[in-house]
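Protein sequence lines, in the order shown, are assigned to chains E and A. Residue numbers for the first sequence follow our numbering, so the first one is 152 and each next one is one higher. Residue numbers for the second sequence follow our numbering, so the first one is 152 and each next one is one higher.
Number of protein chains: 2
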Amino acid sequence: MSSSRATLIQVAERAGVSLASTSRALHGTGASQKMVDRVRAAAAELGYSPDAIGRSLRMKRTFQVAFAVADIGNPVYVEMLTAIHEVLAPHGYRVVVMSTGHTVASTVDLVRSLGSGFVDGLIVSPLRTDDALVDAIREAPVPVVVIGRSLEQQGIDSVSTDSAAGLGQAVAHLLEIGRRRIGFVNGPLDTTPGAARQRGFDAATSGPAFTGDHAETERADDFTVAAGLAAARRLLSRTPAAGPFDAVVAANDLLAIGVVRAARELGLSVPGALAVTGMDDTEIGRVFQPSLTSVSLGSAERGAAAARLVLDRVDDGAEPAQQIAIGPRLFVRESTAQEESAR
Amino acid sequence: MSSSRATLIQVAERAGVSLASTSRALHGTGASQKMVDRVRAAAAELGYSPDAIGRSLRMKRTFQVAFAVADIGNPVYVEMLTAIHEVLAPHGYRVVVMSTGHTVASTVDLVRSLGSGFVDGLIVSPLRTDDALVDAIREAPVPVVVIGRSLEQQGIDSVSTDSAAGLGQAVAHLLEIGRRRIGFVNGPLDTTPGAARQRGFDAATSGPAFTGDHAETERADDFTVAAGLAAARRLLSRTPAAGPFDAVVAANDLLAIGVVRAARELGLSVPGALAVTGMDDTEIGRVFQPSLTSVSLGSAERGAAAARLVLDRVDDGAEPAQQIAIGPRLFVRESTAQEESAR
DNA sequence: CCCATCACCGGAAACGTTTCCAGTGTGCAT
DNA sequence: ATGCACACTGGAAACGTTTCCGGTGATGGG
Chain E
152 MSSSRATLIQ VAERAGVSLA STSRALHGTG ASQKMVDRVR AAAAELGYSP
202 DAIGRSLRMK RTFQVAFAVA DIGNPVYVEM LTAIHEVLAP HGYRVVVMST
252 GHTVASTVDL VRSLGSGFVD GLIVSPLRTD DALVDAIREA PVPVVVIGRS
302 LEQQGIDSVS TDSAAGLGQA VAHLLEIGRR RIGFVNGPLD TTPGAARQRG
352 FDAATSGPAF TGDHAETERA DDFTVAAGLA AARRLLSRTP AAGPFDAVVA
402 ANDLLAIGVV RAARELGLSV PGALAVTGMD DTEIGRVFQP SLTSVSLGSA
452 ERGAAAARLV LDRVDDGAEP AQQIAIGPRL FVRESTAQEE SAR
Chain A
152 MSSSRATLIQ VAERAGVSLA STSRALHGTG ASQKMVDRVR AAAAELGYSP
202 DAIGRSLRMK RTFQVAFAVA DIGNPVYVEM LTAIHEVLAP HGYRVVVMST
252 GHTVASTVDL VRSLGSGFVD GLIVSPLRTD DALVDAIREA PVPVVVIGRS
302 LEQQGIDSVS TDSAAGLGQA VAHLLEIGRR RIGFVNGPLD TTPGAARQRG
352 FDAATSGPAF TGDHAETERA DDFTVAAGLA AARRLLSRTP AAGPFDAVVA
402 ANDLLAIGVV RAARELGLSV PGALAVTGMD DTEIGRVFQP SLTSVSLGSA
452 ERGAAAARLV LDRVDDGAEP AQQIAIGPRL FVRESTAQEE SAR
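Take a look at the structure:
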């Protein structure tokens, strides 16, 4: 920590020119070459670097964007964060990480806090949504982009994915490899992803398209490995009339890992006795043993798209709200491999 | 996005009092109860919320702290980030995530950029360090805390851990369970952790304390699963004169996962034929199959300690530099279990 | 009744920057 | 030679807040 920093006024004095010219010279527009050289030299001698706060106050731009999620420990959000960072950094924007908390009320508080104007925009991926949150977002003083469900009706920018369809892909894949008694380990139903995925599972396992014999859901308290393990123990301890489960769809990769661990406890081989699918296509699932068949929801793409959306909005504010959808994509790996040899 | 926000001046006008009194009333000191009520009411009517930029300009405090790492995807850094966030948020501080880049030069640039004063402090965990970086940190205009190696001589606040000793613990544990031919998969030697861990391995496997028969190092290009897999393939394809490897120490959990995968490729059971240890005690290692024996370096504690250090420094600047050390701790899990049955 | 003390209030400055506006000088064309 | 366009410069205002400082009124003690 050295002495206090040089200010633009000091640079101006040192260069013997006006404050206005100094600013112009450094900023690059409407200054003669001689002026630029002179000011640059003075700035270099003093080790000047422009003060972000002063600049922000005047320009009404902070060059910061907030990214808010409930749990930054979830690898999905880490992937989003990385992608957001990669899009924003080249444009000179910093990323502020915030926590939404786990309730919708705390998320509303967070959105309201944007009123203090410390960021130019917000990217938020709320687990739960309600009208109060929608209102708060609509009235927010800076652009807000929601990653999660589509909010077209509400006139809010959003980047969504069709996780219900993704669940359909997982179920279809399991049927295709000959599994007939399918369990579903979902997260809390009152969350946006939990609700959507339940819808997807129910749709995929009802009606004529479902060629299996049995479908049943067990709910975990949370989208974590531990919760998945507990839920899978409950699910697999039951034996449906049609016979024991031969496949489990998990609502995300962490839950799927819990399911695999539960299967091992019960002596069920994966994928031999029990095929398991995850969702989110995370790094952890890819390196797990067995590597997890998983439905990618394009976390990185969604993050990047949201970041680009914020960038657009910051420049020209009032276009109609945009909805971007990233299609789900199934990646088949060892946890549903057909050949037993692959274990 | 609604209309522009109310300013303190407008609140003052509405309340019919001076700007100074308005500020005092809201801030809480030296104002009569009547004044406070009146101003609060006016503020509420206008939906006033104080502007963070204006306040920062005046107070010379941004209430932001930056956390900079090379790769936010690494679970260790995510744990640190979470811990930092948890310590800082209750004090009203926001966390800005930054990337150091992979070279020491880009890290120096980042530290220099603190000159623009957008944060009150920096927590940085550099992979590589040199004199230029040390100088830059020492001359930084805001407090900087380094997570990594101790920089006591340099007079820089740091939170370190003795990863060399941690490696010793891992080797000792492997010897204790009867392994004698120990391989070491390390990351790049020119990184701070890579160098320290090599030192630890070399110390633990030379001299009279080493009761094994063979010790050998293979270097991975990076601290990732893929690099660990490649390095382990190279290592395990060799057979020392003393006999095939019966244990591998990996320099972190990601590398260890790569090692386990390589072992499986070669038909070596873990821990039966090959015991494997990791380092960092990450969530991913705990849920992996087999769960990884790992040396915890207290990522979360180190993050929290660094955050508290920054908080102290921000308030009273010029105490002597502090060094905090977190001791390594071995957690034994399946990947080095002695009973074969645990597989 | 007068003076000292005290609590409180308002004016004004300051933080560091960008940008509007008016003014100066140069060069070119008529 | 004179006018005009043009490039550049400097003064000053503005962004929103906190805080110093002087001043006012009330209150209590002598």
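Think of the CB as a built atom: it goes at the ideal place given N, C-alpha and C, for glycine as much as any other residue.
Residue i, enclosing beta strand (DSSP E) - first and last residue
i: A:Q474; result: Q474 to I477
i: A:S311; result: S309 to T312
i: A:S445; result: T444 to S447
i: A:G299; result: V295 to G299
i: E:L273; result: G272 to V275
i: A:A195; result: Element bounds for A:A195: not the beta strand (DSSP E) but the alpha helix (DSSP H), Q184 to L197.
Distance between residue j and residue i (C-alpha atoms, nearest Å)
i: A:L284; j: A:T342; result: 14 Å
i: A:I408; j: A:G436; result: 8 Å
i: E:Q440; j: A:F396; result: 22 Å
i: A:R484; j: A:V438; result: 10 Å
i: A:G358; j: A:L460; result: 38 Å
i: E:A424; j: E:T390; result: 14 Å
i: A:A426; j: A:L265; result: 46 Å
i: A:N225; j: A:F335; result: 21 Å
i: E:G363; j: E:R330; result: 7 Å
i: A:D404; j: A:T173; result: 55 Å
i: E:V394; j: E:L448; result: It should be noted that the sequence gives Gly, not Val, for residue 394 of chain E. Distance between the alpha carbons of E:G394 and E:L448: 32 Å.
i: E:M249; j: A:V248; result: 10 Å
i: E:V421; j: E:V238; result: 39 Å
i: E:T487; j: A:A413; result: 21 Å
i: A:S169; j: A:A163; result: 6 Å
i: A:E303; j: A:Q474; result: 6 Å
i: E:G429; j: E:G379; result: 11 Å
i: E:S301; j: A:V295; result: 42 Å
Contacts that residue i makes with chain E (C-beta to C-beta distance below 9 Å)
i: A:Q440; result: I408, V411, R412, R415, F439, Q440 and P441
i: A:I298; result: Near A:I298 there are no residues of chain E at all, since even the closest Cβ is about 17 Å away, more than 9 Å.
i: A:I160; result: The premise fails here: A:I160 is roughly 14 Å from chain E at the closest Cβ pair, so nothing lies under 9 Å.
i: A:T213; result: A203, I204 and F269
Amino acids of chain A, ordered along the chain, whose beta-carbon sits closer than 7 Å to that of residue i
i: E:D202; result: S267 and G268
i: E:G205; result: L208
Where residue i falls: helix, strand or coil (DSSP)
i: E:F361; result: coil
i: E:R127; result: For chain E, the structure presents residues 152 to 494; residue 127 of chain E sits outside this window and is missing.
i: E:A426; result: strand
i: A:A493; result: At A:A493, the pLDDT of 40 sits below 50, so the modelled position is not reliable; the number obtained from the coordinates is stated separately. Three-state result, A:A493: helix.
i: A:E369; result: strand
i: E:M152; result: The pLDDT assigned to E:M152 is 41, lower than 50, so where the model puts this residue is not dependable, and the model offers no usable value.
i: E:V262; result: helix
i: E:S250; result: strand
i: A:R279; result: coil
i: A:F482; result: strand
i: E:R245; result: strand
i: A:A455; result: helix
i: A:R399; result: Note on identity: in this sequence residue 399 of chain A is Val, with Arg being the wrong assignment. Residue state, collapsed to three classes: strand.
Chain E contact residues for residue i, given Cβ-Cβ distances below 7 Å
i: A:T487; result: The contacting residues do not exist; A:T487 stays about 16 Å from chain E at best.
i: A:V376; result: V438
Residue interval of the alpha helix (DSSP H) (run including residue i)
i: A:I408; result: D404 to E416
i: E:R389; result: That residue, E:R389, is in no alpha helix (DSSP H); it is neither H nor E in DSSP.
i: A:Q215; result: From DSSP, A:Q215 is part of no alpha helix (DSSP H) but of the beta strand (DSSP E) over Q215 to V220.
i: E:E434; result: E434 to V438
i: A:Q161; result: L159 to A166
i: A:I235; result: P226 to L239
Interface residues of chain A facing residue i [CB-CB closer than 8 Å]
i: E:R156; result: G266, G268 and P292
Interface partners of residue i on chain E, CB under 8 Å
i: A:I307; result: Under the 8 Å cutoff, chain E gives no residues; its nearest Cβ is about 10 Å from A:I307.
i: A:G224; result: V229, E230, T233 and E434
Neighbouring residues, chain A, relative to residue i (Cβ below 9 Å)
i: E:M249; result: H236, A240, R245 and V246
Residue i Cβ short of 7 Å to the ligand ADP heavy atom set
i: A:E290; result: The ligand ADP is not part of the structure shown, which contains no ligands of any sort.
Touch check for the segment 206–218 of chain A and the segment 235–250 of chain A: three-plus C-beta pairs under 8 Å?
yes
Could you tell me whether the segment 271–289 of chain E touches the segment 215–235 of chain A, using the rule of 3 or more Cβ pairs below 8 Å?
no
Taking 8 Å as the threshold, find out whether the segment 408–417 of chain E comes into contact with the segment 383–392 of chain E through three or more Cβ pairs.
yes
Is it true that the segment 311–319 of chain E meets the segment 445–457 of chain E, where meeting means three or more beta-carbon pairs spaced less than 8 Å apart?
yes
Can you find at least 3 beta carbon pairs, one from the segment 474–483 of chain A and one from the segment 319–329 of chain A, that sit closer than 8 Å?
yes
Inter-stretch contact (C-beta, 8 Å, three-pair minimum) for the segment 224–238 of chain A and the segment 177–191 of chain A:
no
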